[in-house]
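To keep things clear, I will list the structure first and then write my remarks on it.
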Amino acid sequence: MVISDNNSQLSCLISIDPNSVNSWADRNNLRFTGYTELASKEEVYGLIKEHINKVNEALESELKIKT
């Protein structure tokens, strides 16, 4: 979701699907005890960053998501 309050900067809210990230973690042998722990793992941040980079490839510079 993209949010703005009439200024020149946009904010992007990213929500991860628990089922998808759980499946991804299982396939990648990533151990966790709960969703909060899983969501805070560096590997999950890396996965999200990969997806952001892929989306950014199709966007003009001023529209790119900055991380």
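For what it's worth, my numbering labels the leading residue of the sequence shown as -12, then goes sequentially. Where a beta carbon is used, it is the ideal one built from N, C-alpha and C, also for glycine. Note that the coordinates shown come from a computational prediction; the quantities given were computed from them, not determined experimentally.
Outcome for residue i when other beta-carbon atoms lying within 10 angstroms are tallied against a minimum of 16
i     : result
Ile0  : The amino acid occupying residue 0 in the given sequence is Leu; Ile does not appear at that position. Result: exposed.
Leu46 : exposed
Leu25 : buried
Sub-9 Å separation of residue i and residue j beta-carbons
i     : j     : result
Lys36 : Thr54 : yes
Tyr22 : Asn9  : yes
From the options, residue whose alpha carbon lies closest to that of residue i
i     : options                         : result
Ser27 : Asn(-7), Ser2, Leu(-3), Ser(-2) : Ser2
>> So, does the region 3 to 18 touch the region 30 to 37, judging by three or more C-beta pairs under 8 Å?
In response: By the Cβ rule, the region 3 to 18 counts as touching the region 30 to 37, because three or more pairs are nearer than 8 Å.
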